[in-house]
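Chemist: Got a structure for you, written out below as structure tokens; questions coming shortly.
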Amino acid sequence: MFWKKLLGDSGETLAAIYLQKNGYKIIARNYKCCYGEIDIIAKEKDIWCFIEVKAIAKPVAESPFDTIGKKKMEHIENSAAQYVAENKLGNEKIRFDAVGIRVGSGNYDIELVKGIF
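According to our numbering, the sequence shown is numbered sequentially starting from 5.
See below:
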């Protein structure tokens, strides 16, 4: 469990750095509400982005994005709706993105998918 949390936390940090280098402004990390958690909330130009981060060890054959199931998407959508309501963002553009990270010994690959669902 410790290694899984460490992988997840490291992945979120790598994702935040990657997003900033690619023009995103990080607004919040690990936003929690009664519906669940959103890893990163950021803005890309005038779009509010609710971003799920998935990090996996490289030997795993599946894509990091394969682990984002229907239930997880529902939690993210409901959490985003809560954030939008709390911050009065009802007229703003929003999008759901995902960052997938494959971590190996000493290196990693990052992939960003905009509008994943």
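The C-beta atom is built at its ideal place from N, Cα and C for all residues, glycine as well.
This structure is a prediction, so every number in the text was calculated from the model and none was measured.
With DSSP as the reference, identify every bridge partner of D101, one or two as the case may be.
Modeler: BP columns for D101 point to I55.
Chemist: To which residues does DSSP link Y35 through a beta bridge?
Modeler: Its beta-bridge partners are I42.
Chemist: Quick one: measure Cβ to Cβ for Y39 and N82, integer angstroms, because I've assumed they're closer than 8 Å.
Modeler: Going by Cβ atoms, the distance from Y39 to N82 rounds to 4 Å, so yes, they are a contact pair.
Chemist: Quick check on the DSSP output: the beta strand (DSSP E) that includes E115 runs from which residue to which?
Modeler: Its beta strand (DSSP E) spans residues 112-117.
Chemist: Would DSSP call E66 helix, strand or coil?
Modeler: Coil, per DSSP.
Chemist: Checking 8 Å against the spacing of the C-beta atoms, do R33 and I51 come in under that value?
Modeler: Against a cut-off of 8 Å, the Cβ pair of I51 and R33 comes out as no contact.
Chemist: With DSSP as the reference, identify every bridge partner of Y28, one or two as the case may be.
Modeler: Partner(s): E48.
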